[in-house]
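S.K.: Sharing a structure here in C-alpha cells format.
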Amino acid sequence: MKSHFELEDALFIGFCATLLVVLKSMLRLKLGLSGHSMFLMTFFYLLCYGAVGRVGCITACGLLAGIVAMMLSVGKGGPLILLKFGLPAVAMDLTLLMIAGVFKLRWQCVIVALIGCLAWASKGWVENMLAGMTHQIALTKFALNFLQGGVFAIGAALIVPTVLRRLQSHDLLQDHHKQYK
Amino acid sequence: MRVNPLRRLAVGKRRRFLGRLNKTHYCALALLLSLLLSTSAFLLPSSALWILVALNGGLVVHGLLLKKKISALLKIATVQLVTTMGLYYLFHGESQLLEGAVVVLRVLLAMLPGWWLSSTQPPERLGEVLSWGLPHQWAFVVAASLSLLPFMSRELKEIYQIQCMRGARITPKALRNPKNWPEFIYCVLLPLLIQLLKLSKQMAISAKLRHFGNAAKATHWPSTRDSE
Numbered sequence: 040m041k042s043h044f045e046l047e048d049a050l051f052i053g054f055c056a057t058l059l060v061v062l063k064s065m066l067r068l069k070l071g072l073s074g075h076s077m078f079l080m081t082f083f084y085l086l087c088y089g090a091v092g093r094v095g096c097i098t099a100c101g102l103l104a105g106i107v108a109m110m111l112s113v114g115k116g117g118p119l120i121l122l123k124f125g126l127p128a129v130a131m132d133l134t135l136l137m138i139a140g141v142f143k144l145r146w147q148c149v150i151v152a153l154i155g156c157l158a159w160a161s162k163g164w165v166e167n168m169l170a171g172m173t174h175q176i177a178l179t180k181f182a183l184n185f186l187q188g189g190v191f192a193i194g195a196a197l198i199v200p201t202v203l204r205r206l207q208s209h210d211l212l213q214d215h216h217k218q219y220k
Numbered sequence: 028m029r030v031n032p033l034r035r036l037a038v039g040k041r042r043r044f045l046g047r048l049n050k051t052h053y054c055a056l057a058l059l060l061s062l063l064l065s066t067s068a069f070l071l072p073s074s075a076l077w078i079l080v081a082l083n084g085g086l087v088v089h090g091l092l093l094k095k096k097i098s099a100l101l102k103i104a105t106v107q108l109v110t111t112m113g114l115y116y117l118f119h120g121e122s123q124l125l126e127g128a129v130v131v132l133r134v135l136l137a138m139l140p141g142w143w144l145s146s147t148q149p150p151e152r153l154g155e156v157l158s159w160g161l162p163h164q165w166a167f168v169v170a171a172s173l174s175l176l177p178f179m180s181r182e183l184k185e186i187y188q189i190q191c192m193r194g195a196r197i198t199p200k201a202l203r204n205p206k207n208w209p210e211f212i213y214c215v216l217l218p219l220l221i222q223l224l225k226l227s228k229q230m231a232i233s234a235k236l237r238h239f240g241n242a243a244k245a246t247h248w249p250s251t252r253d254s255e
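Keeping their order, the protein sequence lines are chains A and B.
In terms of our numbering, the first sequence is numbered consecutively and its last residue is 220.
In terms of our numbering, the second sequence is numbered consecutively and its last residue is 255.
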C-alpha cells in the first residue's frame with residue numbers, strides 16, 4: 040500500500056472498509072443470500088474511488104477491509120479473507136487505470152463493478168479446481184456465481200453516482216472532484 | 028537447600044526473556060495466536076478439533092475473568108446454528124445433521140480468537156503492532172477504525188431505529204427484498220457516511236495538530252487503559 044494519500048482520505052478509506060466488514064457480517068446473518076457481498080463490496084469500493092478520486096484507493100480499501108475482517112474474525116476464511124476482499128479490489132483498480140476518463144461515471148462504475156465480480160467469481164473457480172472439482176461443475180458454479188454477484192454489483196454501481204452527488208451537495212467532497220454525472 | 032545450577036540458569040534466562048517482553052510484544056503474540064487459531068479452525072481435521080475447543084475454552088475463561096461480555100458472540104453462534112442446521116435438514120435430511128453441527132463449531136472456533144483479541148488488547152497496542160509491518164499512516168488508520176467500531180455500530184443502530192420509526196422500508200423482513208436496499212442506503216448509510224466524512228476531516232486535523240507523521244520514527248500515545 041502506498042502512503043501518499045492524505046491522512047483525511049486514508050481515514051475515510053479505513054472507515055469505509057470497517058463499515059463494509061460490519062455490514063457484511065450483519066447482512067450475512069439476516070439475509071443469507073449468495074453473492075450479496077458483491078453489493079456492499081462494490082458500493083464501498085466505488086464510493087472510495089468517487090470520494091478520494093485517486094487510483095489505488097480501491098486496493099487500499101480492499102486490503103484494509105481484509106485486515107479488519109481478519110482481526111475481527113468476520114467471514115469463514117481466517118487470514119485467507121484478505122484475498123477475498125483484495126482480489127476484486129485490485130482488479131477494479133487495474134480496470135480504472137485503463138478506462139478512467141473514457142466513459143461517464145455511471146458506465147465506469149458498471150464496467151468496474153462487473154470486472155470486480157469476475158475476479159470474485161474467478162477466485163471461487165480456482166478454489167474449486169484446487170479442491171479437485173471437475174471442470175464442468177467448476178465452470179457451472181463460476182457462471183452461477185458471476186451471474187448472482189453481477190446482479191448485485193450492477194445494482195450497487197448504479198446507486199453510487201447518486202450517493203456521490205448527495206455527498207457533494209453537502210460540500211463534503213474536495214474541490215478537485217468532477218461533476219458526478 | 029541446594030538449587031541445581033542448570034535449573035537456576037534456565038529460570039534466569041526465562042526471567043530475562045520475560046523482562047524484555049513489554050505489552051506491545053504480548054499484543055503481537057496475541058495477534059499471532061489469534062490468527063493461528065482462526066486459521067486452524069478451517070484447516071484441522073474434525074478428529075483434532077477437540078484441541079482447538081480446549082484452547083478456545085481457555086481464551087473464553089480468560090476473557091470472562093477480565094469481565095468481558097460474550098453475549099453478542101453467543102447470539103451470533105445461536106443464529107448460525109439454527110439457520111445452518113435448518114438448511115442441512117432441508118437439503119440432506121437427518122443423516123448429515125452432525126456435519127452441520129461441525130461446520131457451525133468451526134465457524135464459532137474461527138470467531139472466538141477474534142473476540143478474545145479485540146476484548147483483551149487495546150486498539151492502540153494493535154496499531155503499534157501493525158505499524159511494524161504497515162506504513163505508520165495505515166497502521167494509524169486501522170487502529171482508528173477499530174477503535175471507532177463501537178461508535179459506528181451505535182450510530183448505525185440509532186439511525187436505523189429512527190428511520191424504522193419514520194416508516195422506512197428497511198425492517199429485516201423488508202430487506203429480504205433487494206428492491207428495498209436502495210432505501211436502506213439513502214436512509215441509513217448516507218447519513219452515516221456524511222458523519223464519517225466529517226469525522227475523518229476532524230481526526231486528520233487533530234492528528235496534524237499533534238504533529239502526526241512529522242517524526243522520522245513514529246511514537247505511540249500511551250493507552251489510558253494501561254495506567255488503570
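Even glycine gets a Cβ: it sits at the ideal position worked out from N, Cα and C.
Tell me, please, whether the CB atom of residue 228/B is closer than 7 Å to any CB atom in chain A?
M.R.: Yes, residue 228/B counts as interfacial toward chain A.
S.K.: Within 7 Å (strictly less), CB to CB, does residue 222/B reach chain A?
M.R.: For residue 222/B, the answer is no, since every Cβ of chain A falls outside 7 Å of its Cβ.
S.K.: Under three-state DSSP, which class holds residue 199/B?
M.R.: Three-state result, residue 199/B: coil.
S.K.: Just to confirm, are residue 218/B and residue 186/B a CB contact at a threshold of 7 Å?
M.R.: Yes, they are a contact pair.
S.K.: Relative to the C-alpha of residue 83/A, which candidate in 46/A, 47/A, 74/A, 60/A has its C-alpha closest?
M.R.: Minimum Cα distance to residue 83/A is reached at 60/A.
S.K.: Kindly give me the distance between the Cβ atoms of residue 185/A and residue 157/A, rounded to whole angstroms, as I take these residues to be in contact under 8 Å.
M.R.: Going by Cβ atoms, the distance from residue 185/A to residue 157/A rounds to 6 Å, so yes, they are a contact pair.
S.K.: Is residue 166/B buried or exposed, if buried means 16 or more other CB atoms sit within 10 Å of its CB?
M.R.: Classification for residue 166/B: buried.
S.K.: Are residue 56/A and residue 107/A touching if we call contact CB-CB under 7 Å?
M.R.: Yes. Within cutoff.
S.K.: Among 142/B, 102/B, 51/B, which residue has its Cα nearest to the Cα of residue 93/B?
M.R.: Closest option to residue 93/B, Cα to Cα, is 142/B.
S.K.: Let me know if residue 176/A comes out buried or exposed under the rule of 16 or more other beta-carbons within 10 Å of its beta-carbon.
M.R.: Flag for residue 176/A reads exposed.
S.K.: Using a Cβ-Cβ distance cut-off of 7 Å, determine whether residue 166/B contacts chain A.
M.R.: By this cut-off, residue 166/B is not an interface position.
S.K.: Starting from residue 61/B, trace the alpha helix (DSSP H) both ways and give me its first and last residue.
M.R.: From DSSP, the alpha helix (DSSP H) with residue 61/B extends over 50-70.
S.K.: Between residue 107/B and residue 78/A, what straight-line distance do the alpha-carbon atoms span, to the nearest angstrom?
M.R.: The alpha-carbon atoms of residue 107/B and residue 78/A are separated by roughly 22 Å.
S.K.: Within 10 Å of its beta-carbon, does residue 127/A have 16 or more other beta-carbons around it, so buried, or fewer, so exposed?
M.R.: Answer is buried; the Cβ neighbour count reaches 16.
S.K.: Please decide whether residue 149/B counts as near chain A, where near means a Cβ-Cβ distance under 7 Å.
M.R.: No, residue 149/B does not count as interfacial toward chain A.
S.K.: Leaving out five residues on either side along the sequence, give the residues of the same chain with a beta carbon under 7 Å from the beta carbon of residue 55/B.
M.R.: 156, listed in sequence order.
S.K.: Going along the chain, which unbroken runs of the beta strand (DSSP E) with 3 or more residues stay wholly within the segment 78-128 of chain A?
M.R.: Runs of the beta strand (DSSP E) inside the segment 78-128 of chain A: none found.
S.K.: If you compare alpha carbons, which of 207/B, 222/B, 212/B is closest to residue 210/A?
M.R.: Selected option, being the one with the closest Cα: 222/B.
S.K.: Measuring alpha carbon to alpha carbon, tell me which of 113/B, 50/B, 224/B ends up nearest residue 53/A.
M.R.: Checked all of 113/B, 50/B, 224/B; the closest Cα to residue 53/A is 224/B.
S.K.: Run through chain A and tell me which residues come within less than 8 Å of residue 178/B, C-beta to C-beta.
M.R.: Chain A residues near residue 178/B: none, gap ~10 Å exceeds 8 Å.
S.K.: According to the neighbour-count rule (16 or more other Cβ atoms, all chains shown, within 10 Å of its Cβ), is residue 227/B buried or exposed?
M.R.: Result: buried.
S.K.: Using 10 angstroms around the beta-carbon of residue 73/B, count the other beta-carbons present and answer buried if the total reaches 16, otherwise exposed.
M.R.: Per the 10 Å Cβ criterion, exposed.
S.K.: Which two residues bound the contiguous alpha helix (DSSP H) that contains residue 191/A?
M.R.: Per DSSP, residue 191/A belongs to the alpha helix (DSSP H) from 174-208.
S.K.: With distances taken Cα to Cα, identify the nearest neighbour of residue 134/B among 122/B, 103/B, 162/B, 183/B.
M.R.: Considering only alpha carbons, the answer is 103/B.
S.K.: Using a threshold of 7 Å, state whether the C-beta atoms of residue 155/A and residue 74/A are closer than that.
M.R.: No, they are not a contact pair.
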